[in-house]
Amino acid sequence: MEEPVIETRGLRKAYGGRPVLDGVDLTVRRGQVLALLGPNGAGKTTTVRILSTLVAPDGGTARVAGFDVRTEAARVRAALSLTGQYAAVDELLTGEENVRLAARLAHVPRRQVRERAAEMLALFDLTDAARRTVRTYSGGMRRRLDLAVSLLSRPQVLVLDEPTTGLDPRSRAALWDVVRSVVAAGGTVLLTTQYLEEADALADRVAVIDRGVVVADGTAAELKAAVGSAHVELALADGRTERLATDGTVGDVRRVLGEVERRGLDVVHWQVRTPTLDDAFLALTGHDAGTADRTPALATTAQEPR
Amino acid sequence: MSTVDLTPRPVPPPPGPLDAARDTLALVGRSVRRSTRQLDTLLLAVLLPVVLLLMFVYVFGGAISTGMEYVDFVVPAIVLLTAGYGAATTAVDVASDMTNGIVDRFRSMPVPAGAVLTGHVVASLARNAVSTALVVAVALLVGFDPAASAGDWLAAAGVLVVYVLALTWVAVAIGLVASGPEAASGFTFVILFLPYVSSAFVPVGTMPGVLETVARLNPVTPTSDALRALLLGMPVGSTVLVALAWWAGVLVVARVASAVLFRRQR
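Residue numbers (the working numbering), protein chains in the order written: chain A, 1 to 306; chain B, 1001 to 1266.
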């Protein structure tokens, strides 16, 4: 079997004595999209920073495209592009200058720099804004430019750290399209997200990380299946909500509704609900996604550094 | 949307020295370009010393007794102030790079460590060459009358280059530890005041005891003495060597500190 493009084993990292990663194992194969899903402070950004050689792990191993992040950092850097949570582009340069700088640093042959830069700007719908300084760009435009810079070097691995946080729905949809094109071209993507919907839409596999440990790893469907079957949700006139289990087939839903009539329940609204990743997350971690840093009982959870 | 080639390319071999040189050159280009986009900063770096020059020559100068035309006495002070201020603004550039994620971007690319800092330093040298030349030109217009040979000019330029390099690397170190660009900009004011307690504007003998000692220990004192002697064709004595030793020392310390701070795992 082909060697995984990303592989971590027992990855550990502590900040100020507090463990942020406590033995993270991840495997991503060529052409896959892995979503690393977890609340703030779960260890997503630290994992990403170790994979992109910005931070050395305290223990365990991490390999990208077969290269060790500690001993072969230069090769890892050549294989991977990171798009962080904040658009890392130069405010004082124009969009075009940013992309050309990236092309030169990616060692694109000198005569192709202009052409390649223009291509990437066009791909991200920035041709009209190419000659303007980035200072005048909107948040969505900056993020697109950031991605243009990341993808210009045609990396083996694209790492996206919460790529759609703070993006409007249109920019988010555009970004999802880009991820799909990258994968269609044979690239491998690791993205971190707090949005279950995003993991569901994009990822072949979802690794749920909570307090520095991967608590579940599988396809979105597998994770949902782990939570149990569908149910009929009833909003009653007295304000209560009742859930009745069903396997979701027409016959079984009819049976459940028959029971509702027999019991004479006063139903205002009803729907058949299949488990969402939200439900899966709750079932796996015992708390909602995104609440780890707000729940007093979990106040000791280490915060991720920026 | 899909005509662009996004196919992953095979991982290229590790970058060699030629790649490193090309990357550094690209980042120098970036920093120089940034300087040209910050015309307000560049303008202030020239206007501030020019205003001070005019104030000292026409307002205070008549009351300061130096044994020579005050304009001739004060030009080295103004030149040092110009170059010092210009170097110090590097701290703001470095701090903003550190806080907005662009340094992380470069560090996650196969770009030599510290090339982004080298870019800022070279840009600082270029900026200061321009602003110092402009300030000297204004000084000549208001009566500065140098008596320097070509060799003296060259020596003065050499002293200035070492001074600018040293202060720029100090600024880089400050930019690396500063919490943000605003905090880093405070440093430019410290540097701006450095020449005042020295022999740059007034002879140190006129200062009260403690201050005189401080002024004599201030490395700006031998530096302005050296520039003054060189530009006015007076005997330089040991001033040039003392000034060079001072700033070379500062340069080495700041360079090492910057390297350590930049590599620091965060």
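By construction, the Cβ of each residue, glycine as well, lies at the ideal position given by its N, Cα and C atoms. Please read all numbers here as calculations on a predicted model, not as lab measurements.
* What number of angstroms, rounded off, separates the C-alpha of Arg100(A) from the C-alpha of Arg1030(B)? -> 10 Å
* Asked: Does DSSP classify Leu1261(B) as helix, strand or coil?
  -> helix
* Asked: Among all the DSSP beta bridges, which residues are the ones paired with Arg18(A)?
  -> Tyr15(A)
* To do: Identify the continuous alpha helix (DSSP H) that holds Ser150(A) and give its terminal residues.
  => Gly139 to Leu151
* List the DSSP bridge partners of Ala216(A). => Val208(A)
* Ala299(A) versus Ala1095(B) - alpha carbon distance -> Below a pLDDT of 50, predicted positions are generally treated as unreliable, and Ala299(A), at 31, falls in that range; the measurement from the model is reported next regardless. Their Cα atoms are separated by approximately 31 Å.
* What does Thr53(A) touch in chain B if you count any residue whose Cβ is under 9 Å from its own? -> Arg1107 and Ser1108
* Backbone CA spacing between Gly1249(B) and Asp200(A) [nearest angstrom] -> 59 Å
* To do: Alpha carbon to alpha carbon, how far is Ala1083(B) from Val1130(B)? Give it in angstroms, no decimals.
  => 10 Å
* **Beta-ladder partner(s) of Leu191(A), from DSSP** => Ala35(A) and Leu160(A)
* How long is the line joining the alpha carbons of Thr274(A) and Ala184(A), rounded to whole angstroms? -> 29 Å
* **Residues within the stretch 1005–1016 of chain B neighbouring chain A, beta-carbon criterion of under 9 Å** => Asp1005, Leu1006, Thr1007, Pro1008, Arg1009, Pro1010, Val1011, Pro1012, Pro1013, Pro1014 and Pro1015
* Tell me, please, whether the CB atom of Ile1102(B) is closer than 7 Å to any CB atom in chain A? => yes
* Asked: Given that Arg1037(B) touches chain A, what residues does it touch there, using C-beta distances under 8 Å?
  -> Leu92, Leu93 and Thr133
* To do: Note down, in chain order, all residues in the stretch 175–196 of chain A with a beta-carbon under 9 Å from any beta-carbon belonging to chain B.
  => Asp177, Val178, Ser181, Val182, Ala184, Ala185, Gly186, Gly187 and Thr188
* What in chain B is Cβ-close to Glu7(A), meaning under 9 Å? -> Within chain B, no residue comes near Glu7(A); the closest Cβ sits about 15 Å away, beyond 9 Å.
* **Of the residues Val268(A), Gly248(A), Val55(A) and Ala78(A), the one placed nearest Arg152(A), counting alpha carbons only** => With the sequence shown as reference, residue 152(A) is identified as Leu, and Arg is not the correct amino acid for it. For the residues Val268(A), Gly248(A), Val55(A) and Ala78(A), the minimum Cα distance to Leu152(A) belongs to Ala78(A).
* Using a Cβ-Cβ cut-off of 7 Å (strictly less than) and excluding sequence neighbours within five positions of Ala14(A), which residues of its own chain qualify? -> Val20 and Asp58
* To do: Quick one: residues in its chain with C-beta nearer than 6 Å to the C-beta of Leu1140(B), no 5 flanking neighbours on either side, listed in chain order?
  => none
* Asked: So does Arg240(A) have its beta carbon nearer than 6 Å to some heavy atom of the ligand PLP?
  -> In terms of ligand content, the structure shown is empty, and the ligand PLP therefore cannot be addressed.
* Asked: In chain order, what residues of the stretch 1018–1029 of chain B put their CB closer than 9 Å to some CB of chain A?
  -> Asp1019, Arg1022, Asp1023, Leu1025, Ala1026, Leu1027 and Gly1029
* In the DSSP assignment, find the beta strand (DSSP E) that holds Gly60(A) and state where it starts and stops. => Gly59 to Val64
* To do: Look up Glu233(A) in the DSSP assignment and say whether it is helix, strand or coil.
  => strand
* Count the C-beta pairs between the stretch 1186–1203 of chain B and the stretch 1111–1129 of chain B that are closer than 8 Å, then say yes if the count reaches three, no if not. => no
* **Neighbour list for Arg1033(B) in chain A, Cβ cutoff strictly below 8 Å** => Leu92, Leu93 and Glu97
* **Outcome for Glu97(A) when other beta-carbon atoms lying within 10 angstroms are tallied against a minimum of 16** => buried
* Drop a sphere of 10 angstroms on the beta-carbon of Ala1215(B), count the other beta-carbons inside from all chains shown, and report buried for 16 or more, exposed for fewer. => buried
* Span of the beta strand (DSSP E) around Leu80(A) -> Leu80 to Thr83
* DSSP three-state assignment for Gln271(A), whether helix, strand or coil -> strand
* **Short-range partners of chain A found in the stretch 1167–1198 of chain B, where Cβ spacing is below 9 Å** => none
* Asked: Cα separation between Arg294(A) and Val1051(B)?
  -> Its pLDDT being 35, under 50, Arg294(A) is placed unreliably in this model, and the value from its coordinates should be taken loosely. Cα to Cα, Arg294(A) sits roughly 55 Å from Val1051(B).
* **Backbone CA spacing between Arg205(A) and Val215(A) [nearest angstrom]** => 13 Å
* Ala201(A) - containing beta strand (DSSP E), residue span -> First-last for Ala201(A): Leu196 to Leu202, but that is the alpha helix (DSSP H), not the beta strand (DSSP E).
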